[in-house]
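Undergrad:
Protein chains: 2
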Amino acid sequence: MDLPTQTFALVQKHDGYSGKAEGPHIESLELYLDAAAIPLQALSDGQVLIKMAMASINPSDLHYIKGEYGHPRVKGAAAGFEGVGEVIAGNGDYAQSLVGKRVAFTVDPAGSGSWAEYAITSATVCIPVREDMRNEDAAAHVVNPLTAMAMFDIVRKAETSSFIMTAANSQLCKLLTALGRDHDIAPIAIVRKDEQIAHLKELGARHVLNSSAPDFADTLKAIIKQEKPRVMLDAVGNQISADVFAAMPNRARWVVYGKLDPTPPQFKEMGQFVFMEKHIEGFWLTRWFMSTPLEEQIRVIGEVQARFVTGQWETEVTATIRLSDAMSDLANALRSPDGKVMLVP
Amino acid sequence: MDLPTQTFALVQKHDGYSGKAEGPHIESLELYLDAAAIPLQALSDGQVLIKMAMASINPSDLHYIKGEYGHPRVKGAAAGFEGVGEVIAGNGDYAQSLVGKRVAFTVDPAGSGSWAEYAITSATVCIPVREDMRNEDAAAHVVNPLTAMAMFDIVRKAETSSFIMTAANSQLCKLLTALGRDHDIAPIAIVRKDEQIAHLKELGARHVLNSSAPDFADTLKAIIKQEKPRVMLDAVGNQISADVFAAMPNRARWVVYGKLDPTPPQFKEMGQFVFMEKHIEGFWLTRWFMSTPLEEQIRVIGEVQARFVTGQWETEVTATIRLSDAMSDLANALRSPDGKVMLVP
C-alpha cells in the first residue's frame, strides 16, 4: 500500500507563546488556524502513522493554539492533541506491531497533530482500544479520563468525604462526578447556569451550585459546613475559586488544573496557609505520565475502557464536524457548554 | 516559701478575634493591653509557676494581642508567648522536678502569659537551659530558633542550592541566614532599607536586595536565574511576595509563615501551578510541635542551645524594657527594625 505523503489538516498560523492569558474562548478559528494540506514527515524510529477516525477538542487544545499553554506553538504544524484512528504504518518493531489496530492516542511534540486526516505520534503513547468502545469515547480516551482518574486519586488520598469542582459542567467534571458517585465521595459541583444543575445531579453530584445565584456565598458556606470538602479541583482560577478556597475547612487543598478565567484572583486570607494548613498546587497530565509507573498507567487505562464500555462513563457529544467545515463551523459549535465537539476527516 | 497569688503583668483588654488583618504594627499599646496586677490561678496537674527573668516579643505576640492570630484573645489574661525564668513551683512529679531550674518556655492557652513577673505553663514545654546560655538567647529560645530550624529543614529537603527570605532583617531571618551560611545553601535576603544590607551580608547572605530599589525586579530576575532558588520563606504575604514567587523557577515552593503586610496579593500566574509544579503552603510552629516526635524536638533543642553558646547564633537586642515602663515605652521601642525588644520584671 502506498503511504500518504501529505495530509489535510487544521494548521497553526503562529509560533511560540502569545504572552497573553485570555483563556480558551475562541472568537474565530481563523485567528489561529488554516485548513490546508501539509507534508507528512518520514516516520522516525518508534513513530506510527495513524489514519484518523475521530479527534476530540479539549480546552488544552484551545489554550495551545492561542499560545497560552505549557509548550510553544509551531507555525505550519497540525493542531490537535488527541484522537482515535487506525495505525497504517510504523517505524521499528513495536510501532509495526500496532499496524492494523485501532488506537487512542495523544500527539507528542515530535509528531503531527490529530486535527487532520493523518496523524503521527510515538507508538508508546498509543492505546489499543477494545472493539466494544465507541469512537466518541475512544477519541477522548486519554486527556479527560486519565485526568479524571489521576485527580480523583488526589481526592481519595486526601481522606475527604466530599470534593468541590468548578466549571463542573465540563466533560471532565462529568467523569469526576460519576467517580465520586461510584466511590461514595460526594461531588459538589459549581456551575454558572441553572439549566446545568439537573443533569449533573442525575450523574451523581450531591450538590450543584450556580455561582451567579444571589445566595451563592451563603449556600456554599452551609454546604461546606455540612460536607467539609478538603479538595477543590479548579479549572477556572478566578476570584470565585479563591473565595471558595477561603471558605473551605482546615487542610483544604486547591488543585489548579486550568485557567478558564484570565482575571487574576486576590488572596484575602494568607493566614490560612499558616494556621489552617491549607495549600495550593497544580495538576498537569503530562507530569502524571512522567511520574507514574507504566504498570500503573496500564491498570488505569484498562479501568477507563471498562468504565466507558459498561456505561459508568459516557462521552457526551454536542457536535461532530468535518475537518473541511471546521473553519466555518467549529468556533460556533464550541459555544455550547454541554458536551464535547468532535472532528472527523 | 510562700508562693505568689498574683502577678503584675501586661493584661489583654479584648476577647476573641478582631476580624481585621492589619499586621503586627503597634501604634499604641493602650489599644490592646493594660499594666495591672492579676490573680494567679492554682497550678493544674502538670503545670509549673515561673519567676520571670526575661520575656521576648515576637511578631506572633503582636498579631495575637491585636486579635489576628490563630487562636482567640482572652480578656484579663496576661499576654506574652515566650520567655525564660526560674521554676519556683510545680504540680505533679515531673513539674516538681523542674523546681529551681532556669527554663526557656512558651505559654500554652491553659497557662498565664510571659509578659509578667510570674508565668504559668505546662512542664512539658519547659526547656532547661545550659548555664552558659545568655538570658537574651534563652528568652528567645523557642519561637524563632525552632521556627528557623524547622523551616530550614524544608529548605534542605527541597534539594535547592539557595532560598529566598522576605522581611529578611528580622531576628528569625538572621538565624536562617546563619544556617544557610553554615550548610552552604545560599541565602537570598529581601529587605526594605539599604542600611540593612551590610549586616545581613556579614551574617552570611549571598545576596541582599532592597525591594524598594528602582531596579529590584531586574536584579531579582538576574539573581533567580543564577541561583535557581526553589523555596521562599515569606513573612509578608503581599504583592512583592507574589511577584517574587512568579519569578521563581519550576517546582518553587512559597512557604508563608506570616502576614506583615495586610494588603491581599493578586496571583497573575495561576498557570504556573499547572505547568511549573509550583505550590503554596504555610508553616506554623504549633503544628511542628504537634507533628514532630519528642526525640527529634529534643535533638533540635540541643542544637539550638549549642549554636547560641558557640556564637554561631546570637539574639540581637535593641532594647530591654521594664514591665512597669512598657505602656509608655514599648510601642516606640518596637519601631526599630534591627533587633528584638525584651521585657524584664
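Residue numbers (this note's numbering), protein chains in the order written: chain A, 1 to 345; chain B, 1001 to 1345. We put the beta carbon where it would ideally sit given N, CA and C, even for glycine. Just so we're clear, the structure is a prediction, and the values are computed from it rather than from any experiment.
On the three-state DSSP scale, how would you describe residue 290 of chain A?
TA: Taking the first residue of the first sequence as position 1, residue 290 of chain A is located at position 290. Helix at residue 290 of chain A.
Undergrad: By the 10 Å Cβ neighbour count, where 16 or more other Cβ atoms means buried, how is residue 1250 of chain B classified, buried or exposed?
TA: The residue you call residue 1250 of chain B lines up with position 250 of the second sequence. By the 10 Å Cβ count, residue 1250 of chain B comes out exposed.
Undergrad: Is there a Cβ from chain B that is less than 9 Å from the Cβ of residue 164 of chain A?
TA: If you number the first sequence from 1, residue 164 of chain A lands on position 164. Not an interface residue.
Undergrad: How about residue 178 of chain A and residue 206 of chain A: do their beta carbons lie closer than 9 Å?
TA: Taking the first sequence and counting its residues from 1, one reaches residue 178 of chain A at position 178. Taking the first sequence and counting its residues from 1, one reaches residue 206 of chain A at position 206. Against a cut-off of 9 Å, the Cβ pair of residue 206 of chain A and residue 178 of chain A comes out as no contact.
Undergrad: Taking only beta-carbon positions, decide if residue 283 of chain A is within less than 9 Å of chain B.
TA: Residue 283 of chain A sits at position 283 when you count from the first residue of the first sequence. Chain B, which has a Cβ nearer than 9 Å to the Cβ of residue 283 of chain A, makes this yes.
Undergrad: Are the region 1141 to 1153 of chain B and the region 1112 to 1124 of chain B touching by the rule of at least three beta carbon pairs closer than 8 Å?
TA: As far as the Cβ criterion goes, the region 1141 to 1153 of chain B does not touch the region 1112 to 1124 of chain B, which means the pair count is below three.
Undergrad: Would you say residue 273 of chain A touches the ligand SAM, meaning its beta carbon is less than 8 Å from a heavy atom?
TA: Ligands in the displayed structure: none, and consequently the ligand SAM is not present.
Undergrad: Tell me whether residue 230 of chain A is buried or exposed, calling it buried when 16 or more other Cβ atoms sit within 10 Å of its Cβ.
TA: Walking along the first sequence from the start, residue 230 of chain A turns up at place 230. Answer is buried; the Cβ neighbour count reaches 16.
Undergrad: Using the rule of at least 16 other Cβ atoms within 10 Å of the residue's Cβ for burial, across every protein chain shown, is residue 226 of chain A buried or exposed?
TA: Taking the first sequence and counting its residues from 1, the one referred to as residue 226 of chain A is at position 226. Exposed, because fewer than 16 other Cβ atoms sit within 10 Å of the Cβ of residue 226 of chain A.
Undergrad: Does DSSP classify residue 124 of chain A as helix, strand or coil?
TA: Position 124 of the first sequence, counting from 1, holds the residue named residue 124 of chain A. Helix, per DSSP.
Undergrad: Among residues of its own chain, excluding the 5 on either side of residue 1180 of chain B, which ones have a beta-carbon nearer than 7 Å to its beta-carbon?
TA: Counting from one through the second sequence, the residue named residue 1180 of chain B turns up at place 180. Around residue 1180 of chain B: 1163, 1186, 1187, 1204.
Undergrad: Fully enclosed by the region 86 to 124 of chain A, which alpha helix (DSSP H) runs are 4 residues long or longer?
TA: Qualifying alpha helix (DSSP H) stretches, in chain order: 93 to 97.
Undergrad: In its own chain, which residues sit with a C-beta less than 7 Å from the C-beta of residue 1309 of chain B, not counting the 5 before and 5 after it?
TA: Translated into positions along the second sequence, residue 1309 of chain B becomes position 309. Cβ neighbours of residue 1309 of chain B beyond the five flanking positions: 1130, 1132, 1133.
Undergrad: Which residues, in order along the region 4 to 26 of chain A, keep a beta-carbon less than 9 Å from a beta-carbon of chain B?
TA: Under the 9 Å Cβ criterion, the region 4 to 26 of chain A contributes 21.
Undergrad: Suppose you measure from the CA of residue 244 of chain A to the CA of residue 82 of chain A; what does that come to, to the nearest Å?
TA: Within the first sequence, numbered from 1, the residue matching residue 244 of chain A stands at position 244. Within the first sequence, numbered from 1, the residue matching residue 82 of chain A stands at position 82. Cα-Cα distance, rounded: 32 Å.
Undergrad: Since residue 1259 of chain B and residue 1023 of chain B are thought to touch, with beta carbons under 8 Å apart, how far apart are those beta carbons, to the nearest angstrom?
TA: Locating residue 1259 of chain B in the second sequence gives position 259, counting from the first residue. Locating residue 1023 of chain B in the second sequence gives position 23, counting from the first residue. Going by Cβ atoms, the distance from residue 1259 of chain B to residue 1023 of chain B rounds to 6 Å, so yes, they are a contact pair.
Undergrad: When DSSP builds the beta bridges, which residues end up paired with residue 254 of chain A?
TA: Here residue 254 of chain A refers to the residue found at position 254 of the first sequence. Paired residue(s): A/232, A/280.
Undergrad: Please tell me whether residue 1047 of chain B and residue 1090 of chain B are closer than 9 Å, where the distance is taken between their beta carbons.
TA: Your numbering for residue 1047 of chain B matches position 47 in the second sequence. Your numbering for residue 1090 of chain B matches position 90 in the second sequence. Taking 9 Å as the Cβ cut-off, residue 1047 of chain B and residue 1090 of chain B qualify as a contacting pair.
Undergrad: Report back the beta-carbon spacing between residue 1151 of chain B and residue 1064 of chain B to the nearest angstrom; my notes put them in contact at under 8 Å.
TA: Taking the first residue of the second sequence as 1, we reach residue 1151 of chain B at position 151. Taking the first residue of the second sequence as 1, we reach residue 1064 of chain B at position 64. Going by Cβ atoms, the distance from residue 1151 of chain B to residue 1064 of chain B rounds to 20 Å, so no, they are not a contact pair.
Undergrad: Please identify the residue among B/1176, B/1168, B/1137 whose C-alpha is closest to the C-alpha of residue 1149 of chain B.
TA: Position 149 of the second sequence, counting from 1, holds the residue named residue 1149 of chain B. Selected option, being the one with the closest Cα: B/1176.
Undergrad: By Cβ distance below 8 Å, which residues in the same chain neighbour residue 94 of chain A in space, the five residues on each side in sequence not counted?
TA: Taking the first residue of the first sequence as position 1, residue 94 of chain A is located at position 94. Correct list, in chain order: 46, 123, 124.
Undergrad: Taking its Cβ as the centre, do 16 or more other Cβ atoms sit within 10 Å of residue 7 of chain A, making it buried, or is it exposed?
TA: As a position in the first sequence, residue 7 of chain A is number 7, starting the count at 1. Residue 7 of chain A comes out buried.
Undergrad: For a test of the three-state rule: what should DSSP assign to residue 216 of chain A, helix, strand or coil?
TA: Numbered from its first residue, the first sequence carries residue 216 of chain A at position 216. Residue 216 of chain A: helix per DSSP, three-state reduction.
Undergrad: Report the residues of the region 263 to 295 of chain A with a CB closer than 9 Å to any CB of chain B, ordered along the chain.
TA: Cβ contacts with chain B come from 264, 265, 266, 267, 268, 269, 270, 271, 272, 273, 274, 275, 276, 277, 278, 279, 280, 281, 282, 283, 284, 286, 287.
Undergrad: In chain B, which residues lie less than 7 Å from residue 157 of chain A when you measure between Cβ atoms?
TA: For the purposes of this step, residue 157 of chain A is taken as residue 157 along the first sequence, with counting starting at 1. Here the premise fails: no neighbours, minimum Cβ distance about 16 Å.
Undergrad: Is the beta carbon of residue 1210 of chain B less than 9 Å from the beta carbon of residue 1223 of chain B?
TA: Position 210 of the second sequence, counting from 1, holds the residue named residue 1210 of chain B. Position 223 of the second sequence, counting from 1, holds the residue named residue 1223 of chain B. In this structure, residue 1223 of chain B does not lie closer than 9 Å to residue 1210 of chain B by Cβ.
Undergrad: Within the 9 Å Cβ cut-off, does residue 142 of chain A reach chain B?
TA: Reading the first sequence from its first residue, position 142 is the one you call residue 142 of chain A. Taking Cβ atoms only, chain B never reaches closer than 9 Å to residue 142 of chain A, which makes this a no.
Undergrad: How should residue 170 of chain A be labelled, buried or exposed, when 16 other C-beta atoms within 10 angstroms of its C-beta is the threshold for buried?
TA: Taking the first residue of the first sequence as 1, we reach residue 170 of chain A at position 170. Buried, because 16 or more other Cβ atoms sit within 10 Å of the Cβ of residue 170 of chain A.
Undergrad: Is it buried or exposed for residue 1072 of chain B, if we count other Cβ within 10 angstroms and need 16 for buried?
TA: For this step, residue 1072 of chain B is matched to residue 72 along the second sequence. Looking at its Cβ environment, which holds fewer than 16 other Cβ atoms inside 10 Å, residue 1072 of chain B is exposed.
Undergrad: Starting from residue 1259 of chain B, find everything on chain C with Cβ-Cβ shorter than 7 Å and list it in chain order.
TA: Any reference to chain C falls outside this structure, whose protein chains are A and B.
Undergrad: For residue 347 of chain A, go through chain B and note every residue whose CB falls closer than 7 Å to its CB, in chain order.
TA: Since the first residue shown for chain A is 1 and the last is 345, residue 347 of chain A is missing from the structure and cannot be characterised.
Undergrad: To which residues of the same chain is residue 220 of chain A closer than 7 Å at the C-beta, ignoring the five residues directly before and after it?
TA: Numbered from its first residue, the first sequence carries residue 220 of chain A at position 220. Around residue 220 of chain A: 209, 244, 247.
Undergrad: With 16 as the cutoff for other CB atoms within 10 Å, does residue 42 of chain A come out buried or exposed?
TA: In the first sequence, residue 42 of chain A corresponds to position 42, counting from 1. Counting Cβ neighbours within 10 Å, residue 42 of chain A comes out exposed, since fewer than 16 surround it.
Undergrad: Alpha carbon to alpha carbon, how far is residue 1255 of chain B from residue 274 of chain A?
TA: To locate residue 1255 of chain B, count along the second sequence from 1; it is residue 255. To locate residue 274 of chain A, count along the first sequence from 1; it is residue 274. Using only the alpha carbons, I get a separation of about 9 Å.
Undergrad: Output, in chain order, the set of chain A residues within a Cβ distance shorter than 7 Å of residue 1256 of chain B.
TA: For this step, residue 1256 of chain B is matched to residue 256 along the second sequence. What residue 1256 of chain B touches in chain A: 270, 273, 274.
Undergrad: So which residues on chain A does residue 1067 of chain B lean against when the C-beta distance must stay under 7 Å?
TA: As a first step, residue 1067 of chain B must be located in the second sequence, where it is residue number 67. Chain A residues near residue 1067 of chain B: none, gap ~12 Å exceeds 7 Å.
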